Amino acid sequence: MSITLTENATSKLTSLIAEENNPNLKLRIFVSGGGCSGFQYGFTFDENQEDTDLVVESGSVKVLVDPTSINYLRGAEIDFVEDLNGASFQIKNPNAQSTCGCGNSFTPAATGGGGCGHAAS
1 MSITLTENAT
11 SKLTSLIAEE
21 NNPNLKLRIF
31 VSGGGCSGFQ
41 YGFTFDENQE
51 DTDLVVESGS
61 VKVLVDPTSI
71 NYLRGAEIDF
81 VEDLNGASFQ
91 IKNPNAQSTC
101 GCGNSFTPAA
111 TGGGGCGHAA
121 S
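The letter at position 69 of the sequence shown is residue 69 when you use UniProt numbering, and the numbering goes up by one with no holes.
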């Protein structure tokens, strides 16, 4: 199971990449320590794809995820939502046990070995 992008997310990313006038840009999604729940999501545009990156394609958009982050993002859905509170990318993450109110940080569910990739014996 990989990461998926909704039509809204794909459309918005296509527009943002076009605004940058650089068709080589890819969206890099990563997880790092921090935030009020222990881990936080990060988004950045990147021209460089590492050999170890997982690559997900949605339309003309390529998403890059490093091997450590994919342990926390496997099965996640990336959406772009516009409502009365504004517009933002949101991650629906089946690996999150809980999220903070802002949705930018999360606590991972116990996975028998955490994000290190090792299964419990």
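Even glycine gets a Cβ: it sits at the ideal position worked out from N, Cα and C. Note that the coordinates shown come from a computational prediction; the quantities given were computed from them, not determined experimentally.
Taking a contact to require three or more Cβ pairs closer than 8 Å, the stretch 74-86 and the stretch 2-16 qualify as touching.
Its chain contains Gly59, Ser60, Val61 as the residues whose beta carbon lies nearer than 7 Å to that of Thr14, once the 5 sequence neighbours on both sides are disregarded; these appear in chain order. A distance below 8 Å between beta-carbons, with the five flanking residues on each side excluded, links Glu47 to the following residues of its chain, in chain order: Asn22, Asn24, Leu25, Lys26. Note on geometry: alpha-carbon atoms of Val56 and Leu84 lie some 30 Å from one another.
In the structure shown, Ile17 adopts helical secondary structure according to DSSP, grouped into three states. Rounded to the nearest whole angstrom, the C-alpha separation of Gly86 and Ala18 is 22 Å. In terms of CA proximity to Ser11, Phe89 leads the group Ala96, Phe89, Ser2, Asn95. Within its own chain, the residues whose Cβ lies closer than 6 Å to the Cβ of Ser69, once the five positions on either side in sequence are excluded, are Phe30, Val31, listed in chain order.
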